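Per the working numbering, the sequence shown starts with residue 2, numbered consecutively. These notes are about the structure you will find just below.
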Amino acid sequence: MSVARGAGQTKAKRGSATGGSRTAGGKVAGATNHKMIRIFLAVVLVGIVLLGAGVVYLGAFPPAPHPQPVEKVLPNDKFQGH
2 MSVARGAGQT
12 KAKRGSATGG
22 SRTAGGKVAG
32 ATNHKMIRIF
42 LAVVLVGIVL
52 LGAGVVYLGA
62 FPPAPHPQPV
72 EKVLPNDKFQ
82 GH
């Protein structure tokens with residue numbers, strides 16, 4: 002017994018053969034996930050580059066320290082001989 006395939010079955014079969022199922026819009030879901038992963042990796046890479054640039058900038062141009070006077074009272078016992 003032979004079963005005829007419709008156009009919809011052919012598309013669904015083709016979509017699953019490419020590694021993802023088709024969504025309602027007709028796009029392959031695996032391709033969308035691949036794009037999302039690439040965008041995520043690009044954002045992470047940009048973040049790492051910016052973090053590295055910040056470290057290099059702080060190493061090349063460190064912030065100036067703000068000197069403050071330090072006052073500490075020392076006990077007299079430290080200055081008397083035994």
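Using N, Cα and C, we set each Cβ at its ideal position, and we do this for glycine too. For clarity, every value in this text was computed on a predicted model and none was experimentally measured.
Open item on the list: Quick check on Lys12: does DSSP put it in helix, strand or coil?
Closed with: Counting from one through the sequence shown, the residue named residue 12 turns up at place 11. For Lys12, the predicted structure reports a pLDDT of 48, less than 50, and the residue's modelled location is therefore unreliable. A value from the coordinates is still provided. Three-state result, Lys12: helix.
Task: Separation of Gln69 from Phe80, as counted between CA atoms - done: Numbered from 1 along the sequence shown, position 79 holds the residue referred to as residue 80. Numbered from 1 along the sequence shown, position 68 holds the residue referred to as residue 69. If I take the Cα positions, the gap works out to 26 Å.
Task: Cβ-based neighbour list, Val50, same chain, cut-off 6 Å, excluding 5 preceding and 5 following - done: On the sequence shown, residue 50 is found 49 positions in, with the first residue counted as 1. So no residue of the chain qualifies.
TODO: Determine the direct distance from the alpha carbon of Leu75 to that of Pro63, and round the result to whole angstroms.
DONE: Position 62 of the sequence shown, counting from 1, holds the residue named residue 63. Position 74 of the sequence shown, counting from 1, holds the residue named residue 75. Rounded to whole angstroms, Pro63 to Leu75 spans 34 Å at the Cα level.
- [ ] In angstroms with no decimal places, state the Cα-to-Cα distance between Val56 and Gly48.
- [x] Within the sequence shown, residue 56 is the residue found at index 55, counting from 1. Within the sequence shown, residue 48 is the residue found at index 47, counting from 1. If I take the Cα positions, the gap works out to 12 Å.
Task: Sequence-distant residues of its chain with Cβ nearer than 6 Å to Leu59 (five each side left out) - done: To locate residue 59, count along the sequence shown from 1; it is residue 58. Close CB contacts of Leu59 within its chain, under the 6 Å cut and outside five residues either way in sequence, are absent.
- [ ] Let me know the secondary structure DSSP gives Lys73 once reduced to three states.
- [x] Position 72 of the sequence shown, counted from the first residue, corresponds to residue 73. Here Lys73 sits in coil by DSSP.
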